[in-house]
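So the sequence shown is numbered by the numbering used here: it starts at 50 and just counts up by one.
To keep things clear, I will list the structure first and then write my remarks on it.
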Amino acid sequence: MRDEILTFLEKNSKADPAELAVLLGSSEEVIAKEIREMEEEQVICGYHTLIDWDKTGVDKTTALIEVRVTPQRGQGFENIAERIYNYPEVQSVYLISGGYDLLVILEGKTLKEVASFVTDKLSTLDTVISTATHFILKKYKDDGFIMSKKDKDERMPVTP
50 MRDEILTFLE
60 KNSKADPAEL
70 AVLLGSSEEV
80 IAKEIREMEE
90 EQVICGYHTL
100 IDWDKTGVDK
110 TTALIEVRVT
120 PQRGQGFENI
130 AERIYNYPEV
140 QSVYLISGGY
150 DLLVILEGKT
160 LKEVASFVTD
170 KLSTLDTVIS
180 TATHFILKKY
190 KDDGFIMSKK
200 DKDERMPVTP
């Protein structure tokens, strides 16, 4: 049942135990207990609201930064990843396969602010070998949700 609860909560974090109980054919108390236990075990690490910032008028720039590092003996990537994720501008850090070691997702108000972070903070860390920054210009789909659906064309096709 846990995997079903998690699947529903991942798609809609606002789903309440009463709603989940109906969907899963269980009692509200059992569902609430399962959720509470998963929160305590940190299986559920938090709840997330997806916002289309382009529609708010708030200046926000997101960048994906590929980072190559020298792993530390006996530590691997753990220490450098921790140093990076402790910066408040950093939203996510992932260990990845391929030509780079870490993928850092960073948010700032402007392109210049993000570039400054990469130059002044990230690139100066002693184990960082190189970085490549990619700015997100437009989100079409984020976390499974289509961000801007096209209006359906209501016109009838014209044939010759």
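Beta carbons are placed, not taken as given, at the ideal position from N, Cα and C, and that holds for glycine.
The model shown is predicted, which means the values in this text are computed figures rather than measured ones.
Reference residue i, options the options, closest by Cα
| i | options | result |
| --- | --- | --- |
| I84 | V107, K104 and F57 | F57 |
| T159 | A181, L186 and E77 | L186 |
| N135 | A181, G125 and V153 | V153 |
| K82 | D101, I54, K104 and T105 | I54 |
| S179 | T111, T119, L99 and G74 | T119 |
| K116 | T110, F126, K109 and D108 | Before going on, a small fix: residue 116 reads as Val here, not Lys. Closest by alpha carbon: F126. |
| M50 | E68, I80, P66 and F184 | I80 |
| L174 | E88, E162, G157 and Q121 | Q121 |
| T111 | T176, K188 and D65 | K188 |
| A181 | C94, Q140, D192 and T168 | T168 |
| Q124 | M87, G157, E138 and T176 | T176 |
| L113 | D52, K198, L171 and S197 | L171 |
| M87 | A70, L155, V163 and D52 | D52 |
Simplified DSSP assignment, three categories, for residue i
| i | result |
| --- | --- |
| K190 | strand |
| V71 | helix |
| T182 | strand |
| S141 | strand |
| A112 | strand |
| L174 | coil |
| E223 | Absent from the structure is residue 223, since the part of the chain shown begins at 50 and ends at 209. |
| V92 | coil |
| V79 | helix |
| V118 | strand |
| L55 | helix |
| I195 | strand |
Local Cβ density within 10 Å of residue i, reported as buried at 16 or more and exposed below that
| i | result |
| --- | --- |
| L144 | exposed |
| F166 | buried |
| A130 | buried |
| V207 | exposed |
| D150 | buried |
| K72 | Looking at the sequence itself, residue 72 is Leu, so the reference to Lys does not match. Its Cβ having fewer than 16 others within 10 Å, L72 is exposed. |
| I133 | buried |
| V92 | exposed |
| I100 | exposed |
| A67 | exposed |
| V107 | exposed |
| E195 | Correcting the residue type first, residue 195 is Ile in the shown sequence and not Glu. Flag for I195 reads exposed. |
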